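Visitor: I am attaching a structure below and will ask some questions about it afterwards.
Numbering (our numbering), first residue to last: 108 to 486.
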């Protein structure tokens, strides 16, 4: 098998998918390719994916490679990190049985992965997940005591313009099935008009559905240009130790923003901000709640999320998987009833409307004349 195309090179997969075009070859450095990134590559309709690192290391059953393989996209795995500097964005390259060629010269090679091989590697990862689960649990418990003090002490909320008090709040995060679950909540959004909060790339999911977020919170490492300029209030998540990823990007944009200093993930920060501002109900879409989801995010534990959910209690409704609960179907009986109802309305209007009766009588006479004319010619 030989594939030739333009290479697009970026070590950050979530940045690369924004500029990929169908038929191009994605060159990434993504160990344990996560499910959301895999779905992004599949949606971009690339012809192939070259990964400098192992897409499935065997630590846990990450879902990204399967999403790529199911889309029929060729994968060349673990070619080595040198490719990230060897190739330039826009180079034309050829893939031949795992070999990467430029101008006919081999620059590296890796393992070709198809769906069958991906599933075999995933099965091995599932068998070995016990060790990873033990490590994940230990890390979670280790940090619970440390982060509990930070999360349960009084929280200083920045002065924001968004009014949460006595309102429903919908928080959207780029997580597993977040787009499907958000679509399933369209009726809820239209009827209840909740405050819409996008956590980083979650803002783009709202914009894709023609909803404008009221607030965007996070480290702003994955926002599109339209999200930057959609008019939402910007809140930068800053850690108590001073870590503030994304501050340079915010300052380069020159847009006003507030800082919210709190421990945990950006989705934790969004929930706690809504909670402290006395929201009536918090509905979360795409949030991370399982070990696999946290490992996909590169986090070795989930202490802050556990403590955040403990603090919010029944105020939080996790809408994860809501799209799979019920999928409405249009039954044939409903269609027939609708058609019958429409015919009854037309009949009722015809009975009481003189002008409509005249129109129908005229159409009938014209049809009768045409029929007689045709039958007369035939005879």
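Even for Gly, the Cβ is constructed at its ideal location relative to N, Cα and C. Owing to the predicted nature of the structure, the values given are computational and were not obtained by experimental measurement.
Applying the 10 Å Cβ sphere with the 16-neighbour rule, what's the burial state of residue 344?
Guide: For the purposes of this step, residue 344 is taken as the residue at position 237 of the chain shown. Classification of residue 344: buried, given that the 10 Å Cβ count is 16 or more.
Visitor: Check the DSSP bridge columns for residue 203 and list the partner residues they point to.
Guide: Within the chain shown, residue 203 is the residue found at index 96, counting from 1. Its beta-bridge partners are 109, 206.
Visitor: Can you give the Cα-Cα distance for residue 357 and residue 128, rounded to whole angstroms?
Guide: One-based indexing of the chain shown puts residue 357 at position 250. One-based indexing of the chain shown puts residue 128 at position 21. The alpha-carbon atoms of residue 357 and residue 128 are separated by roughly 27 Å.
Visitor: Alpha carbon to alpha carbon, how far is residue 283 from residue 403? Give it in angstroms, no decimals.
Guide: Start at 1 with the first residue of the chain shown, and residue 403 comes out as number 296. Start at 1 with the first residue of the chain shown, and residue 283 comes out as number 176. C-alpha separation (whole angstroms): 10 Å.
Visitor: Which of the three DSSP states, helix, strand or coil, is assigned to residue 322?
Guide: The sequence position of residue 322 within the chain shown is 215, counting from 1. It is a strand residue.
Visitor: Would you check if the stretch 321-335 and the stretch 287-294 touch, i.e. whether three or more CB-CB distances between them fall below 8 Å?
Guide: Too few Cβ pairs lie closer than 8 Å, so no.
Visitor: Please report how far the alpha carbon of residue 221 lies from the alpha carbon of residue 110, in whole angstroms.
Guide: On the chain shown, residue 221 is found 114 positions in, with the first residue counted as 1. On the chain shown, residue 110 is found 3 positions in, with the first residue counted as 1. Their backbone Cα atoms lie some 15 Å apart in a straight line.
Visitor: What is the C-beta distance between residue 392 and residue 278, in whole angstroms, given that I count them as a contact (C-beta under 8 Å)?
Guide: The sequence position of residue 392 within the chain shown is 285, counting from 1. The sequence position of residue 278 within the chain shown is 171, counting from 1. Confirmed, about 7 Å.
Visitor: Put residue 327 into one of helix, strand or coil per three-state DSSP.
Guide: Numbered from 1 along the chain shown, position 220 holds the residue referred to as residue 327. In this structure, residue 327 counts as coil in the three-state DSSP scheme.
Visitor: I need the DSSP call for residue 157, collapsed to helix, strand or coil.
Guide: Stepping through the chain shown from its first residue, residue 157 is reached at position 50. If DSSP states are grouped into helix, strand and coil, residue 157 belongs with the strands.
Visitor: Do residue 274 and residue 302 have their C-beta atoms within less than 9 Å of each other?
Guide: One-based indexing of the chain shown puts residue 274 at position 167. One-based indexing of the chain shown puts residue 302 at position 195. Result yes, Cβ atoms of residue 274 and residue 302 sit closer than 9 Å.
Visitor: Is it the case that the Cβ atoms of residue 267 and residue 340 are separated by a distance below 9 Å?
Guide: The residue given as residue 267 occupies position 160 in the chain shown. The residue given as residue 340 occupies position 233 in the chain shown. Yes, Cβ-Cβ distance for residue 267 and residue 340 is below 9 Å.
Visitor: According to the neighbour-count rule (16 or more other Cβ atoms, all chains shown, within 10 Å of its Cβ), is residue 415 buried or exposed?
Guide: Locating residue 415 in the chain shown gives position 308, counting from the first residue. So residue 415 ends up on the buried side.
Visitor: Where residue 202 and residue 216 are concerned, what is the direct C-alpha to C-alpha distance, given to the nearest angstrom?
Guide: Along the chain shown, read from residue 1 onward, the residue named residue 202 stands at position 95. Along the chain shown, read from residue 1 onward, the residue named residue 216 stands at position 109. Answer to the nearest angstrom: the Cα atoms are 9 Å apart.
Visitor: Rounded to whole angstroms, how far is the Cβ of residue 187 from the Cβ of residue 155, which I believe are closer than 8 Å?
Guide: Start at 1 with the first residue of the chain shown, and residue 187 comes out as number 80. Start at 1 with the first residue of the chain shown, and residue 155 comes out as number 48. 17 Å between Cβ atoms; not a contact.
Visitor: To the nearest angstrom, report how far apart residue 96 and residue 372 are at their CA atoms.
Guide: The structure shown has nothing for residue 96, since the chain only spans 108 to 486.
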